[in-house]
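Everything on this sheet refers to the single structure shown next.
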Amino acid sequence: MSPPDDRSTNGDRWIHTPPRKSATFDDAAIAEIRRAAASGIYDIRGAGAKRRLPHFDDLLFLGASISRYPLEGYREKCATDVTIGARNARKPITLKIPVTIAGMSFGSLSARAKEALGRGASAVGTSTTTGDGGMTPEEREHSNLLVYQLLPSRYGMNPDDLRRADAIEIVVGQGAKPGGGGMLLGQKISRRVAEMRVLPEGIDQRSACRHPDWTGPDDLEIKIGELREITDWQKPIYIKVGASRPYYDTALAVKAGADAVVLDGMQGGTAATQEVFIEHVGIPTLAAIPPAVQALQELGMHRKVQLIVSGGIRSGADVAKALALGADAVSIGTAALVALGDNDPHLEEEYRALGTTAGAYDDWHEGRDPAGITTQDPVLSARLDPVAAGRRLANYLSVLTLEAQAIARACGKSHLHNLEPEDLAALTVEAAAMARVPLVGTDWIPGRGRE
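Read in order, the letters of the sequence shown are residues 2 to 452 in our numbering.
Spelled out as structure tokens, the structure:
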């Protein structure tokens, strides 16, 4: 049989329209529908949001020229220090650089990884943070400045560790999952993790989404008072919130007596949670900073209560932009793990065996990380040399600081905290509206009238 003729009745050939995929039902959406239909459970993964979001890349600095006077990098200083906790604490902490290590638990990370984080942070004069599940001896030994996280689960919490810490961070929420609790699956609850958390070994654990002994800012004020009594008013107390309503959350944290507010945007990572949380709950880091700063300014507390921003910090430019928008410091998590060796291309064959590729591996909850970082497997975790990994982290932190200093000098600033919104312009209307800075080449801030 001959093929059908593709001619029209008047002899012209039809022009065939090529197949077109839906923008709504794209390959990723269809794959998720099929996965859900086959398994009947929601997808769990680690890391942060992977969708394209307005971010620091959408901002540019306006370097000095005639109207501004730049500083010479080889002979004029640009200071980077930040003091946290002077509002109420008898022993505030001073960091040499405004980049800290975010809370990542022993359980989600191996003990060697926690040690490496402490080594790297200490080498450059900044702090690291315990995360859920308590304080390990390795972490305390190798962290000159250690922030102890108090989460709703209270896993591993004891007053002695509170006193041994240099600061306390009450975690209300996390950027990857505001309003959601944490997960640690059974394959990562080793005997040591189980003992520290007082849990059965090898059994899935899910921590609560809210603290069991308070339900609002008045109760939080009481809790902060209890922690100050336990630590003899010596330790700075931070409040960490996932970015969703940053203006009100920041104002209420200040009212409750916080010394610092940690604001985590939706690009912030997690050890494990539902993907629907990671991609659809919370707001971008860029959008969260200005309302938090506004709340501090209206209360007369900007630079008195420190604002620490996290969620998607990758470069010195990101650090400088966050500080220019009004933050006092930033915190890194995912980037720190990459610096330690996570998702390294030299492990590509092993990542492929897990059904992924270097740079995309996010099944941290499975405990099979070839880099030995997000695992409790003794064979895999032994691959990580905490001394070498700590050195890589220290190098990375140094580069972040040098890059931020270079930008600040180019803007004529002798301290990173002297950077300001006036030094910024936005490439997109969305970023201009979120950051509250002019669209580049104009004096227009979307959402505001022209002066």
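Don't be surprised by glycine CBs; every beta carbon is placed ideally from N, CA and C. Since the model is a prediction, treat every value here as computed from it, not as a measurement.
| Item | Value |
| --- | --- |
| Helix, strand or coil: which one does DSSP assign to Gly413? | coil |
| Using DSSP with H/G/I as helix, E/B as strand and the rest coil, what is Asp265? | strand |
| Lys78: buried (16+ other C-beta within 10 angstroms of its C-beta) or exposed? | exposed |
| Assuming Ile102 contacts Thr129 (C-beta within less than 8 Å), just tell me the rounded distance between them. | 4 Å |
| Applying the 10 Å Cβ sphere with the 16-neighbour rule, what's the burial state of Thr64? | The sequence shown places Gly at residue 64, rather than the Thr named in the question. It is exposed - the Cβ of Gly64 has fewer than 16 other Cβ atoms within 10 Å. |
| Is the Cβ-Cβ distance between Asp363 and Leu355 less than 8 Å? | no |
| Helix, strand or coil: which one does DSSP assign to Tyr239? | strand |
| Going by Cα to Cα distance, which pick from Gly442, Gly342, Gly49 and Phe26 is closest to Phe278? | Gly49 |
| From which residue to which residue does the alpha helix (DSSP H) around Leu60 run? | From DSSP, Leu60 is part of no alpha helix (DSSP H) but of the beta strand (DSSP E) over Leu60 to Phe62. |
| From the DSSP output, in three-state form, read off Ala330 for me. | strand |
| With DSSP as the reference, label Ile408 as helix, strand or coil. | helix |
| Should Gln150 and Asp265 be called a contact, given that it needs their Cβ atoms to be closer than 8 Å? | no |
| Check this for me: beta carbons of Cys210 and Gly182, under 8 Å apart or not? | yes |
| Can you tell me the Cα-Cα spacing of Val148 and Ser123, whole angstroms? | 13 Å |
| Thr232 and Ala296: beta carbons closer than 8 Å? | no |
| What's the call for Arg46, buried or exposed, on a 16-neighbour Cβ count within 10 Å? | buried |
| Mind checking which residues open and close the alpha helix (DSSP H) that includes Ser123? | Ala112 to Val125 |
| May I ask which residues mark the beginning and end of the beta strand (DSSP E) holding Glu140? | From DSSP, Glu140 is part of no beta strand (DSSP E) but of the alpha helix (DSSP H) over Pro138 to His143. |
| Can you tell me whether Gln307 is buried or exposed? The criterion is at least 16 other CB atoms within 10 Å of its CB, across all chains shown. | buried |
| Which one or two residues does DSSP pair with Arg207 in a beta bridge? | Met184 |
| Quick check on Asp424: buried or exposed, where buried means 16 or more other Cβ atoms within 10 Å of its Cβ? | buried |
| Which residues in the same chain as Gly187 place their Cβ atom closer than 7 Å to its Cβ, once the five residues preceding and following it in sequence are excluded? | Gly203, Ile204 and Asp205 |
| Take Leu185 and list the residues in its own chain whose beta-carbon comes closer than 6 Å to its own, dropping the five residues that flank it on each side. | Gly108 and Gln206 |
| Taking all protein chains shown into account, do 16 or more other C-beta atoms lie within 10 angstroms of the C-beta of Asp444, making it buried, or fewer, making it exposed? | exposed |
| Suppose contacts are defined by Cβ-Cβ distances below 8 Å. Is Ala426 in contact with Leu61 by that definition? | yes |
| Comparing C-alpha positions only, which one of Gly312, Asn89 and Ser106 sits nearest to Met139? | According to the sequence displayed, residue 139 carries Glu and not Met. Of the candidates Gly312, Asn89 and Ser106, the one whose C-alpha sits nearest the C-alpha of Glu139 is Ser106. |
| Decide if Lys178 is buried, meaning its Cβ has at least 16 other Cβ atoms within 10 Å, or exposed. | buried |
| Please report how far the alpha carbon of Val339 lies from the alpha carbon of Ala383, in whole angstroms. | 17 Å |
| Go through its chain and collect everything with a Cβ distance to Glu452's Cβ below 8 Å, but skip five positions before and after it. | Summary for Glu452: the model assigns pLDDT 49, below 50, so the residue's position carries little reliability; its value from the coordinates is reported in the next sentence. If we look at Glu452 and ignore the five residues flanking it on each side, its Cβ neighbours are Asp444. |
| Using only CA atoms, which one of Arg76, Lys189 and Glu431 lies nearest to Ser415? | Arg76 |
| With three or more C-beta pairs closer than 8 Å as the rule, is the stretch 290-304 touching the stretch 322-342? | yes |
| Go through the stretch 373-450 residue by residue and report every complete run of the alpha helix (DSSP H) that reaches 4 residues or more, in order. | 379-382, 387-411 and 430-436 |
| Going along the chain, which residues of its own chain have a beta-carbon closer than 6 Å to the beta-carbon of Gly119, five neighbours each way excluded? | Thr129, Glu140, His143 and Ser144 |
| Thinking just about the alpha-carbon of each residue, which of Asp370, Ala37, Pro93 and Leu420 is nearest to the one in Pro237? | Pro93 |
| Would you identify the three-state DSSP class for Ser228, choosing helix, strand or coil? | The identity of residue 228 in the sequence shown is Leu, whereas the question assumes Ser. Residue state, collapsed to three classes: helix. |
| Quick one: Cα of Ala359 to Cα of Leu385, how far? | 17 Å |
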